[in-house]
Amino acid sequence: MFYKIRRILMKLLLLIFFLPSLLLPSEFSKFSSVNFDLVGVVASGDKIAAYGTKGSVYYSDDDAQSWNVIKPFETGNIVNFFIESDRLIAFLQTGEVSESYDNGLNWSVTNPIDDSVAYVVKGNDDYYVCAQSSIVKLSENLTRSSNYLIPYYYGFDITYHYLPNKRRRMAFLDNKLFVIDLYSTSFIVFDNNLNKIDSVDIGEKLLDSKVYISNLLNTSKDLIVRLHNYNIDTTYIYKLDSDLTELEVLLNLSESREQQGKKFKENSPIVYNYILYKDILYTFNYFSDEFRLKPYYNVFELITKDSAEYKGVIDANVIIPTDVLESFTIADFVIENDRITGISKNNLIVTKKINSESTNRVSNLVGSGNGSILIKINDSDYLLFASRNIYKSNDTTKTFKKVIGDSAIYSDLSLGVKFYHFNQKQDKLLFFKFEKYKSDSSLVYISDDYGNKFSRKLLDGVDFKSNLKNYRILKDDDNYIMSETSASTPTRYITYDKDFNYLSSKVDSNYRYDYLFGEDLTNFTFLGASLDLLDKNRYLKNTTDGGKNWNDLRTFSFTSDTIWYNDSTQYFTTSVSDLRYNKSVDYNGKSSLLLVTYNTSDSLYKIEAMNIQTNEFSLIYQNKQDTYSNILVELIDGVYFICKGDSLFTTSNILDYNSWQGQKLPNNGAMLNRIMKSGDYIITYYYDDIHPYDIYRIKWNELAITSITENENEIIPYFYNSLPYPQPTNSLVSTKVYLDNAISISQRSIKIFDINGTQVEKGDNVEISGNNWPTTLTWDSNSQPPGVYFIVINYGENAKAIKVMKE
Numbered sequence: 009m010f011y012k013i014r015r016i017l018m019k020l021l022l023l024i025f026f027l028p029s030l031l032l033p034s035e036f037s038k039f040s041s042v043n044f045d046l047v048g049v050v051a052s053g054d055k056i057a058a059y060g061t062k063g064s065v066y067y068s069d070d071d072a073q074s075w076n077v078i079k080p081f082e083t084g085n086i087v088n089f090f091i092e093s094d095r096l097i098a099f100l101q102t103g104e105v106s107e108s109y110d111n112g113l114n115w116s117v118t119n120p121i122d123d124s125v126a127y128v129v130k131g132n133d134d135y136y137v138c139a140q141s142s143i144v145k146l147s148e149n150l151t152r153s154s155n156y157l158i159p160y161y162y163g164f165d166i167t168y169h170y171l172p173n174k175r176r177r178m179a180f181l182d183n184k185l186f187v188i189d190l191y192s193t194s195f196i197v198f199d200n201n202l203n204k205i206d207s208v209d210i211g212e213k214l215l216d217s218k219v220y221i222s223n224l225l226n227t228s229k230d231l232i233v234r235l236h237n238y239n240i241d242t243t244y245i246y247k248l249d250s251d252l253t254e255l256e257v258l259l260n261l262s263e264s265r266e267q268q269g270k271k272f273k274e275n276s277p278i279v280y281n282y283i284l285y286k287d288i289l290y291t292f293n294y295f296s297d298e299f300r301l302k303p304y305y306n307v308f309e310l311i312t313k314d315s316a317e318y319k320g321v322i323d324a325n326v327i328i329p330t331d332v333l334e335s336f337t338i339a340d341f342v343i344e345n346d347r348i349t350g351i352s353k354n355n356l357i358v359t360k361k362i363n364s365e366s367t368n369r370v371s372n373l374v375g376s377g378n379g380s381i382l383i384k385i386n387d388s389d390y391l392l393f394a395s396r397n398i399y400k401s402n403d404t405t406k407t408f409k410k411v412i413g414d415s416a417i418y419s420d421l422s423l424g425v426k427f428y429h430f431n432q433k434q435d436k437l438l439f440f441k442f443e444k445y446k447s448d449s450s451l452v453y454i455s456d457d458y459g460n461k462f463s464r465k466l467l468d469g470v471d472f473k474s475n476l477k478n479y480r481i482l483k484d485d486d487n488y489i490m491s492e493t494s495a496s497t498p499t500r501y502i503t504y505d506k507d508f509n510y511l512s513s514k515v516d517s518n519y520r521y522d523y524l525f526g527e528d529l530t531n532f533t534f535l536g537a538s539l540d541l542l543d544k545n546r547y548l549k550n551t552t553d554g555g556k557n558w559n560d561l562r563t564f565s566f567t568s569d570t571i572w573y574n575d576s577t578q579y580f581t582t583s584v585s586d587l588r589y590n591k592s593v594d595y596n597g598k599s600s601l602l603l604v605t606y607n608t609s610d611s612l613y614k615i616e617a618m619n620i621q622t623n624e625f626s627l628i629y630q631n632k633q634d635t636y637s638n639i640l641v642e643l644i645d646g647v648y649f650i651c652k653g654d655s656l657f658t659t660s661n662i663l664d665y666n667s668w669q670g671q672k673l674p675n676n677g678a679m680l681n682r683i684m685k686s687g688d689y690i691i692t693y694y695y696d697d698i699h700p701y702d703i704y705r706i707k708w709n710e711l712a713i714t715s716i717t718e719n720e721n722e723i724i725p726y727f728y729n730s731l732p733y734p735q736p737t738n739s740l741v742s743t744k745v746y747l748d749n750a751i752s753i754s755q756r757s758i759k760i761f762d763i764n765g766t767q768v769e770k771g772d773n774v775e776i777s778g779n780n781w782p783t784t785l786t787w788d789s790n791s792q793p794p795g796v797y798f799i800v801i802n803y804g805e806n807a808k809a810i811k812v813m814k815e
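For the sequence shown, counting from 1, position 721 maps to 729 in our numbering; every step adds exactly one.
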């Protein structure tokens, strides 16, 4: 027993001391999120990098002709990105630095900063990092060479469209680093080794006024800075020499609308943002007040403080006559090779050549997470249905564009969407809608080209306008079968032909069919529920005469689980069905219904298959386990993909569990909703301890598949303890223990160990408050010196160590 307890303690110690190394990302290039927000963009030559959240970057190395998603980090917010001649470098908000020497395929991550990062600028061959507690200089090989302690509070709480023009508070010019001070009133000047040279209050020195400094840029000769003059309540963009002795007005941002309109033509008096290109200032301007939040920006080259040359319009919207324009804000933009690239949240990237008449909307995606549905068309093309848009990807979900025809579905305000359906056998996209101001106006919109064009047809036999009625497609083979359900009323089933001509309807006063298996409503099997609200069971039934007589195949009951927590007065109850998952699968030309159940009373997890033709059941898998494991099944090109808990299996015979082979998903991962495959990538809704729930592309190596053996597990008796109190203690320390009712503890089952794993006491000094649930344990530690101790409780064949600190 001593060695068993010692092993437990050693595992705890290993976890405490080596947790940081366990959390370091590994093989992070294998996961790529479909949807992330962009916060900054940089360019050099033909290379463009738009960086943002989830450790992700959109990257093009052919002047925006094609784009890939590269992953410098597993997750987190990227605050700066650098494109060098031989490598790419990314800086994470939490202080990690990642570099790649093969154009973003592989990355090496280090943590030389050990602090939160707001902004980074490049020096000669080195980097200067604005961290939360200091300015840090990194050498060319990204190792820490020096730092200057100075507190900083800007740019760390990134909400995450914290714009780069708010975080640009450093610039490197003439071998000097210029830093805007904490109060945004002065410049602190350093030499290139971070030795402080001077601190200059620009307002007091050059303007005889208090000023607010922001958005620091630099040309090859001068600093470009935004200053607000409090004495005259005016904001300017200034050019400032590197000796901090001369200011020259480049632009007065506080001029009247009329004055700005004379300078910026095309009805664009409001400067929203600006950037340098070839040492010349370019501005992004709103059209006018009524268009201020619309997806248009005019671009100007500033000639003098009183004149500007129009360089074209950025049009970030798909323009069709009935489209509803959505407001958005460009987070950052860059100009390189005479190409303007603008980025924003929700994967928005737009590019255009200066003076070109057209804008290329590379990508935009809103709402890929909860409630969205991703559908594979072929290996490269995917459709995504989000809450208010339809998107299409032609590059394996790397970039998405709004489908032009979705305006027919979402932009007509006189129409309401009831539900939609994709008939994958016929490649038909179906939207079921109603006209709000007509009593008989149930419509189906049909697209044969994935949403570019829709035709519409008036449907007989349904009422989509009623809020009390819910509809869904149960079958979409030669005919369509649609269900109409409403609370406590009989369920109606309507049959249409392939062109949505009404054929028939049927009412079932007893059951609701959630899933339907069969050719028609005469000979079929259903999985569903009773219309009796007091009956919580789910039923699997079969009929050959349209429901006059039923063959009862299986009943799945509900159980109530009572969960206690914190103390004996708090609990909640949840109702859980034995049936947790069902899926219709085909094998060798025969259809089977896959049923996954977990019974909390006997803790048996089962996967069974029912032959739909014969109604015969076969047991595929059974395991005794202490909790339910999520499962997801897909058939892809003759191979079954089965995600059970955090394991991904493949097999050509799903009915033979011994043929299943698989591998563990990292970080307690789980796949939900769908599994799709394109080339070497699995595309699925996924989450784990690191990655939030979203659609991910996962690089999958079939050669890594090995056999996973699962043994029947004995369920460990329930044991939970509250945090010891007080912590740390100087004498008595107590904890509440919640034990399985079949287990009891005594002083003989308790021992005290120090941090070295040496037993220092038996349980004689532990008082047990009786056998009421929960039990309170109180240890009198007066006989032990200060240190870390473990109260080890043996219960049955198991043991639990409770950590206590004594001062």
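Just so it is clear, CB atoms sit at the ideal spot from N, CA and C, and this is done for glycine as well. Everything numeric in this text was worked out from a predicted model, so none of it was measured.
In terms of CA proximity to T367, Y305 leads the group D468, S52, Y305, S611. With respect to the 8 Å criterion, K465 and I454 are classified as neighbours on the basis of their beta carbons.
Following the DSSP letters along the chain, one finds G350 in no alpha helix (DSSP H) but inside the beta strand (DSSP E) bounded by residues 347 to 352. DSSP places K632 in the uninterrupted beta strand (DSSP E) bounded by 625 to 632.
Assignment of I703 by DSSP, reduced to helix, strand and coil, places it in the strand class.
If you draw a straight line from the Cα of D560 to the Cα of S609, it is about 23 Å long.
In the three-state reduction of the DSSP assignment, Y665 falls in the helix class, which pools H, G and I. Closest in C-alpha terms to D702, from the list K62, Q432, I650, comes K62. In this structure, K759 keeps its C-beta atom at 8 Å or more from the C-beta atom of K744.
Buried is the label assigned to Q101, since at least 16 other Cβ atoms lie within 10 Å of its Cβ. Nearest C-alpha to S742 among T118, I776, S474: I776. The closest CA to that of I121, considering only D110, Y109, S142, is found on S142. Taking a 10 Å sphere around the C-beta of Q630, we find fewer than 16 other C-beta atoms and assign the residue as exposed. The stretch 736 to 810 is shown to contain whole beta strand (DSSP E) runs of 3 or more residues at 740 to 747, 758 to 762, 767 to 770, 774 to 776, 783 to 788, 795 to 803, in chain order. Annotated three-state conformation of Q671 is strand, per DSSP.
Rounded to whole angstroms, the separation of the alpha carbons of A58 and L231 is 25 Å. Between S222 and I210, the gap from beta carbon to beta carbon reaches 8 Å or more. Straight through space, the alpha carbons of T551 and L640 are spaced by roughly 28 Å. Under the Cβ criterion (8 Å, minimum of three pairs), the stretch 433 to 444 counts as touching the stretch 470 to 487. Look at N173 here: in three-state DSSP terms it is helix. The straight-line gap separating the alpha-carbon atoms of V647 and V593 is approximately 12 Å.
Using a Cβ distance threshold of 8 Å, I615 and L602 count as a contacting pair. In this structure, the CA atom of N518 is about 30 Å from the CA atom of L627.
Per the C-alpha coordinates, the member of F272, Q671, L663, I205 positioned closest to N709 is Q671.
Contact annotation: D206 and N183 have beta-carbon atoms that are not nearer than 8 Å. When rounded, the separation of the alpha-carbon atoms in D69 and Y694 is 29 Å.
The continuous stretches of alpha helix (DSSP H) do not include E148, and DSSP gives it neither H nor E. In this structure I489 touches L529 by the C-beta definition: roughly 7 Å separates them, less than 8 Å.
Rounded to the nearest angstrom, the Cβ distance from V42 to S352 is 17 Å, too far for a contact under 8 Å.
DSSP places E317 outside any alpha helix (DSSP H); the residue lies instead in the beta strand (DSSP E), whose first and last residues are 315 to 323.
When C-alpha distances from T337 are compared across Y318, D314, S395, N293, the shortest belongs to N293. When C-alpha distances from A72 are compared across D216, K360, V128, G269, the shortest belongs to K360. In the DSSP assignment, R464 is bridged to Y453. In the structure shown, E815 adopts coil according to DSSP, grouped into three states. As summarised for the stretch 579 to 623, the continuous beta strand (DSSP E) elements at least 3 residues long and confined to that stretch are 587 to 595, 598 to 607, 612 to 619, given in chain order.
Counted as a single uninterrupted DSSP element, the beta strand (DSSP E) harbouring K184 occupies residues 184 to 188.
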